[in-house]
Each structure stands twice: as C-alpha cells, then as structure tokens.
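Each residue of the sequence shown is one higher than the last, beginning at 900 in the working numbering.
So the structure is just underneath, and the comments pick up after that.
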Amino acid sequence: MKAPATRPAIDQLARPLNSLRVSVIDRCDLRCSYCMPEEHYTWLPQEDVLSFAEIGTLVDAFVLAGVRKVRLTGGEPLLRRGLPELVARLREQSVIEDLALTTNATHLAQLAGPLRQAGLDRVTVSLDSLQPERFKRLVRRDALPQVLEGIRAAGAAGFTSLKINTVVMQGFNDDELEALLEFGHQVGGEVRFIEYMDVGGATLWSMDKVCAKAQILARLEECYGPIVPCGPQGAAPAERFRLQDGTCFGIIASVTEPFCRACDRSRLTADGQWYLCLYAQEGMDLRRLVRAGHPAEELAAFIRQGWEARTDRGAEERAAAPHRGALYQVEDLRQNPHREMHTRGG
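Right, here's the structure in full:
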C-alpha cells in the first residue's frame, strides 16, 4: 500500500505522531534483572497476538495518521517466526522513512542477512556487559557469545545504522563505559547509555541504582578528555556527544532529564493495545477494531482522534514524585501483563 501524503496528527502539547514501536511478541529468551527480574510471568494468550496481516493493516493506518518511523520490538522480536516476511510487508509502505528493529541479538547471527534483504534499515542491540560472568548474572542465561556474534553479523550485513544500547546501573556495570565504547568502535556501532528506568517490571528499581547522565559524562571525560554535544536532540530519545577522536555516543537520560515535551512515539503491543506513553496506565484496543474488519482509513481516523487528545508526560510526572520507587510490584504486574515492558515494547 502506498499512503498519500498526510499531515501528522498533533497532540495537545503540539507533538506530532511520527514514530511507532510495534511489539511483535511478548516472550523473551533472556531475563534481564532491570526488565524481567521475577521467576514467573503471565503471557498473552496466543489467540490474541496479531497476525502479520493485522499488523500490516494497523501500520498502514498509523501511516495515514502521520507515522513515518516504525520500530519492531518485543519481548524479543526475533523469536517471532518469519519476521523477515513482516519486514518485507512493511517495506512496501513507501512513505515509511525509517524501519528499525530492537533485539537482544541472541538470534541475530542467523537473521541479520535476511532482515536486511527484506528491507530493514537499522538495528539496535541491547548489550549491558562484555564480561561473561557478569552478563550471565544479569540475564540469567549464558548467551554472551551468541549476542556478540549477532552484533558482528549486523555490522557486516550493511544496515544503515547499528546502535548498541546499554542500561547503566550503579555498582554493576558503570565500570564498563570505556570498554563498551571501544567495542562499539570495533564493530561499527554507536553506543547509547541509558539511565535505569522505573518502568514496567522493574520491581528492583531504586534511585540509588541510577547512573545519571552527568555521572556518565564525568567518568568518560576522566578517560577521554573534553566531550562536546553533537547538536540538537530534537525528538530523538538520545542526546549525542562526541569524543576528541570523533567517536560519537548517546545518552538517554529519561530519569534525570525527561524529554516528554518532544516525545513523538507511541507503542502497539503484540495483541493490539495502543499506548500513548511508556508510563500510561491504560491502552486503546485496536485489535478489536482490526478484527472487526475496519479498513485502514477508518482505523486512521480513530488513531488520529486518540493522539489529538493526548496530554501524556509520564516521565516528567515520575520525576516530580516526592517518594519515587518502583512503578509496579509483582501483584500489579500479574493482574495486568500489559504493564510489563516485555509486553509493551521498549
């Protein structure tokens, strides 16, 4: 489908609907302590998970409402069988300017080539440690060799961009900043350091575990000397910086410096719930509408109406909380699995 040029929907804070994150599966093969620290989880019923055709119809509708950037997420999206088929379907939507994927890379070595051939533009990989025992302790799986192999395969596949995301936690991996930057340079990837966020299933979160943007910059300056900003951040979640040798990296400071006022992103879960904010308590049920046979044009009208009423600025509100702790506890998550980050998509 080739969508006609349309103006993007604009919300109540003058933010355009430009970027959509599509979770294709809620399952994950790792158990990162900052995302999935518990032993047991409530999974989405398989019959509720959207088919590729349903995802395609909804993406067409979002494009009609103004979306130009689409990112496939999970859970771990590479666990969804036939993912290159979905990429090829979305690539037919010619007005999509950027088609990207976020992955933990455990299966990327096998799929990097097929995904690139199908039309995927960019890949972002999560990598929180280069130390095998530390990595295993974090994710509760002995998977670092597969992840590193996947990252190298992505670097060789010809994607327009390879980014490496690292959640930095005080007293855990904050001593690996330099090593991760050097690794990124070796594989042709740009590292983005992320403040540990109190979202979804982060039941172990506390403020004293957050390594703030200012601390990250101070530690890197001790090693590399003066660091300069690369330019305006715009709607991008990461603020980019440059070392003296030209190496660029990013910091996503959504805990200490929320960027809600520029946020143009929303999220579609694997079972078709649409969330206007990462911190939103409730979503809108698009699965019901697409399965009722509504065409993309009618779905787009519903999406546009929902976005134009949007006032969300969840990260700002969390930053202003007087006694900030974990957003949810286990009982809350089991009652509503859509609160989980592995369900909602990162």
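Where is the CB? At the ideal position from N, CA and C, for every residue including glycine.
At which residues does the alpha helix (DSSP H) containing residue i begin and terminate?
i       : result
Gly1149 : Taken as a continuous stretch (DSSP letters only), Gly1149 belongs to no alpha helix (DSSP H), being part of the beta strand (DSSP E) at 1147-1151.
Ile954  : 951-963
Ala1011 : 1007-1017
Leu1232 : 1229-1234
Leu912  : No alpha helix (DSSP H) holds Leu912; DSSP gives it neither H nor E.
Arg990  : 982-990
Val1038 : 1031-1038
Leu1079 : 1076-1086
Leu1188 : 1186-1190
Please list the terminal residues of the continuous beta strand (DSSP E) segment that includes residue i.
i       : result
Lys1108 : Run containing Lys1108: none; DSSP gives neither H nor E here.
Phe1158 : No beta strand (DSSP E) contains Phe1158, which DSSP labels as neither H nor E.
Glu1089 : 1089-1094
Val923  : It is not in any beta strand (DSSP E) - Val923 carries neither H nor E in the DSSP assignment.
Ala999  : 997-1002
Phe1058 : Phe1058 -> no beta strand (DSSP E), and no H or E assigned at all.
Glu1138 : 1138-1141
Trp1173 : 1172-1174
Thr1242 : It is not in any beta strand (DSSP E) - Thr1242 instead sits in the alpha helix (DSSP H) that spans 1240-1243.
Expressed to the nearest angstrom, what Euclidean distance is found between the alpha-carbon atoms of residue i and residue j?
i       : j       : result
Val966  : Glu996  : 9 Å
Thr905  : Gly1018 : 23 Å
Arg1015 : His1222 : 46 Å
Leu1061 : Gly1087 : 7 Å
Gln911  : Gln1204 : 11 Å
Met935  : Ala1219 : 25 Å
Glu857  : Arg970  : No answer is possible for residue 857: the residues shown for the chain start at 900 and end at 1245.
Ser932  : Val1098 : 13 Å
Leu1177 : Cys1162 : 10 Å
Ala1117 : Gly1049 : 31 Å
Met900  : Val1229 : Here the model assigns Met900 a pLDDT of 49, short of 50, so the residue's position is not dependable and the matter cannot be decided.
Ala1134 : Glu1156 : 14 Å
Cys1122 : Phe1201 : 51 Å
Would you check if the distance between the CB atom of residue i and the CB atom of residue j is smaller than 7 Å?
i       : j       : result
His1193 : Asp925  : no
Asp1305 : Val1066 : Since the displayed the chain opens at 900 and closes at 1245, residue 1305 lies outside it and no answer follows.
Gly1182 : Ser922  : no
Val1024 : Leu989  : no
Gly1100 : Glu1239 : yes
Ala960  : Ala1199 : yes
Thr1059 : Asp1020 : yes
Asp1170 : Asp928  : no
Val1046 : Ala1004 : yes
Leu1076 : Leu1119 : yes
Trp1206 : Ala999  : no
Glu920  : Thr972  : A small correction: the amino acid at residue 920 is Arg; Glu does not occupy that position in the sequence shown. Contact: yes.
Out of the options, point me to the one whose CA is closest to residue i's CA.
i       : options                            : result
Val1154 : Met1096, Thr905, Gln1204, Thr1168  : Met1096
His1237 : Leu1080, Ala1111, Tyr1174          : Tyr1174
Glu1196 : Val962, Asp1184, Glu1156           : Val962
Val1109 : Gly1088, Pro1131, Phe1071          : Phe1071
Asp1144 : Gly1130, Ala1135, Gln1132, Ile1126 : Ile1126
Ala1137 : Thr1210, Cys1159, Glu1121, His1222 : Cys1159
Ala913  : Gln1234, Asp1231, Thr1210          : Thr1210
Gln1030 : Arg930, Leu929, Cys1162, Phe1082   : Phe1082
Ala1011 : Asn917, Ala1053, Ser1028           : Ala1053
Tyr940  : Pro1131, Thr1102, Arg1186          : Thr1102
His1084 : Trp1104, Thr1146, Asn1064          : Thr1146
Gly974  : Lys968, Gly955, Leu943             : Leu943
Does the pairing of the stretch 1213-1229 with the stretch 975-983 give three or more beta-carbon distances under 8 Å? no
Give a yes or no on contact between the stretch 1139-1150 and the stretch 1077-1097, applying the rule of three or more CB pairs nearer than 8 Å. yes
The stretch 946-956 in contact with the stretch 982-1001 per 3-pair CB rule at 8 Å: Yes: the two stretches touch, three or more of their Cβ pairs being nearer than 8 Å.
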